[in-house]
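In terms of the working numbering, the sequence shown is residues 1 to 412.
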Amino acid sequence: MADVDSRFESSVDSVVPDLGAGRGPGWLDAWLGAHAHRVVAWRRHLHAHPELSRAEHRTTAFLADQLTRAGLAPRVLSIGTGLTCDIEGSSPGPTVALRADIDALPLTEATGLPYSSTVDGAAHSCGHDAHTAVALGAATALAGHRDFPGRVRMIFQPAEEVMPGGALDVLADGRLDDVDRIFGLHCDPRLPAGSVGTRVGPITSASDLLELRLTSPGGHTSRPHLTADLVHALGTVITGLPTLLSRRVDPRTGTVLTWGAVHAGEAPNAIPQDGVLTGTLRTADRDTWAKLEPLVHELVQGLLASLGVGFDLQHRRGVPPVVNEPESTELMRAGITAALGEQAQADTPQSSGGEDFGWYLEHVPGSFARLGVHPGSGRIKDLHQPTFTLDERALLVGVRTMVHTALQALHG
1 MADVDSRFES
11 SVDSVVPDLG
21 AGRGPGWLDA
31 WLGAHAHRVV
41 AWRRHLHAHP
51 ELSRAEHRTT
61 AFLADQLTRA
71 GLAPRVLSIG
81 TGLTCDIEGS
91 SPGPTVALRA
101 DIDALPLTEA
111 TGLPYSSTVD
121 GAAHSCGHDA
131 HTAVALGAAT
141 ALAGHRDFPG
151 RVRMIFQPAE
161 EVMPGGALDV
171 LADGRLDDVD
181 RIFGLHCDPR
191 LPAGSVGTRV
201 GPITSASDLL
211 ELRLTSPGGH
221 TSRPHLTADL
231 VHALGTVITG
241 LPTLLSRRVD
251 PRTGTVLTWG
261 AVHAGEAPNA
271 IPQDGVLTGT
281 LRTADRDTWA
291 KLEPLVHELV
301 QGLLASLGVG
311 FDLQHRRGVP
321 PVVNEPESTE
331 LMRAGITAAL
341 GEQAQADTPQ
351 SSGGEDFGWY
361 LEHVPGSFAR
371 LGVHPGSGRI
381 KDLHQPTFTL
391 DERALLVGVR
401 TMVHTALQAL
411 HG
């Protein structure tokens, strides 16, 4: 591992406990027994060297090198970051894809870990370093034991953290065209390490960005009747639009509009000439997602019609909900049980968060699960926070889960 940061080879001074040890198959037990420290070192290396969306050049090169050493032939995506890699089995059969996302967040890490981010303003605070290390471990383990039908396609996807997501780049390159099923994992700090959460149906929500820009002639606050009160108009939309949506959209769809930022004016006695309001609009229902853009425009227009301000609404469609297909989810549950035992099974609620894995499920059946990463004590350190950390025992749980899920899907 000459290209792994030397600090992390030496920092893994003991093997992380393998919570599934002894459950087999024998070749996987043997591989993890010999290489568990490599999986941890990979994750720490990636954690220390995060790269933002569509700038994952060093990460891509690192993965290509490790996969090539395992006797595989990785293919970089046409955008220059991210790659796929096929592991051919011993006989004809289906193609099963395992996906990991490789990009980091534009955050400054505050964990104090010895392998903290070395890049200012970038950090793996969503666990993508863990997802990548898990997939790399699964690929390397499977590459050494190919007694299965069909093939496993590893997808190391860039740009999950930006809308509409790097999954579209994978699809544009045709890397899913011959895939029969696809599976993925995401860290969940609310589940204990050693457990994996599954769910049939929607597990994440569609997520869109709204940006509303208002314009007004402006004026003195002592004479609001002589101009259009832009700040009042912003407030009308801030309170009015979520309320109107709650009356026009079925509440069972889990549709939620939340404002994240509002900016207008500088002086307390001046009505500003422009202002901007931004937020996220989420829904758990695919059909509702398709109808939201024209509905939001209609409602904003109605709210502002009598207020005299101009407006420009940018509704940026994001990602569809991740809707787990029942048969694929049952295959994944069987893989979890084989990998870790029935006690590892956990239910998981639907999240309002967005995840571009949903684009894949528009094309092929599959399932997306939650990988427990909480150590079992202490407060939850949530995703997308500078203090996010994870229990590294979850890495080996993830490798076992992905390998067994692929084998279940290939053998049918």
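Glycine residues also receive a C-beta, built at the ideal position from the N, C-alpha and C atoms.
Item	Value
Could you pull the DSSP bridge partners for Arg213 from this structure?	Val276 and Asp312
Would you call the CB atoms of Gly71 and Pro149 closer than 8 Å?	no
What do you get for Asn269, buried or exposed, if any count of 16 or more other CB atoms within 10 angstroms of its CB means buried?	exposed
Taking Met332 as part of the alpha helix (DSSP H), name the residues at either end of that continuous run.	Pro326 to Leu340
Round the Cβ separation of His315 and Asp208 to the nearest angstrom and send it over; I've been treating them as touching at under 8 Å.	6 Å
Mind checking whether Gly279 and Leu230 have CB atoms under 8 Å apart?	no
Closest to Gln408 by C-alpha separation, out of Ala338, Gly398 and Val397, would be which residue?	Ala338
For Gln157, is the classification buried or exposed, using 16 other Cβ atoms within 10 angstroms of its Cβ as the cut-off for buried?	buried
Just how far apart, CA to CA, sit Ser116 and Glu109?	7 Å
The alpha helix (DSSP H) spanning Thr68 covers which residue range?	His57 to Arg69
Please state whether DSSP places Gln345 in a helix, a strand or coil.	strand
Helix, strand or coil for Ala122 per DSSP?	coil
Which residue comes first and which comes last in the beta strand (DSSP E) that contains Leu185?	Arg181 to Pro192
Does the pairing of the stretch 94 to 109 with the stretch 391 to 409 give three or more beta-carbon distances under 8 Å?	yes
Is it the case that the Cβ atoms of Asp129 and Asp65 are separated by a distance below 8 Å?	no
DSSP three-state label for Phe156, please.	strand
Out of curiosity, what's the CA-to-CA distance linking Glu56 and Pro217?	45 Å
Can you give the beta carbon distance from Gly366 to Ser328, rounded, assuming they're within the 8 Å contact cut?	5 Å
Decide yes or no for the touch test of the stretch 191 to 199 against the stretch 354 to 361: beta carbon pairs closer than 8 Å, at least 3 of them.	no
When DSSP labels each residue in this structure, what does Ile238 get in the three-state scheme?	helix
Rounded to a whole number of angstroms, what is the C-alpha to C-alpha distance between Arg75 and Pro321?	28 Å
Suppose only complete runs of 3+ residues qualify. What are the beta strand (DSSP E) ranges in the stretch 70 to 145, listed by chain order?	83 to 88 and 91 to 101
Assuming Gly254 contacts Thr215 under a Cβ cut-off of 8 Å, what Cβ separation, rounded to an integer in Å, is found between them?	About 34 Å; that fails the 8 Å criterion.
Give me the Cα-Cα distance between Thr428 and Val319, rounded to the nearest whole angstrom.	The structure shown does not extend to residue 428, since the chain is modelled only from 1 through 412, so no value can be given for it.
Any idea what DSSP makes of Ser352, helix, strand or coil?	coil
Reducing DSSP to helix, strand and coil, say where Pro294 ends up.	helix
Tell me which residues share the same chain as His263 and place their Cβ nearer than 7 Å to its Cβ, disregarding the 5 neighbours each side in the sequence.	Gly275 and Val276
Quick check on Asp177: buried or exposed, where buried means 16 or more other Cβ atoms within 10 Å of its Cβ?	exposed
Smallest Cα separation from Glu189: which of Thr387, Arg393 and His374?	The amino acid occupying residue 189 in the given sequence is Pro; Glu does not appear at that position. Ranking the options by Cα distance to Pro189, first place goes to His374.
Can you grab the Cα-Cα spacing for the pair Gly166 / Gly22, in whole Å?	37 Å
Closest by CA to Arg54, which one among Leu32, Leu67, Ile79 and Leu46?	Ile79
Put Arg175 into one of helix, strand or coil per three-state DSSP.	coil
Tell me which residue opens and which closes the alpha helix (DSSP H) that Gly26 is part of.	Gly26 to Ala48
By Cβ distance, which residues of its chain are closer than 6 Å to Gly353, with the 5 residues on each side in sequence left out?	Thr204
Leaving out the 5 sequence neighbours to the left and right, which residues in its chain are closer than 7 Å to Asp18 when beta-carbon positions are compared?	Leu32, Ala36 and Leu396
Report back the beta-carbon spacing between Leu83 and Thr68 to the nearest angstrom; my notes put them in contact at under 8 Å.	Not confirmed; about 11 Å, so no contact.
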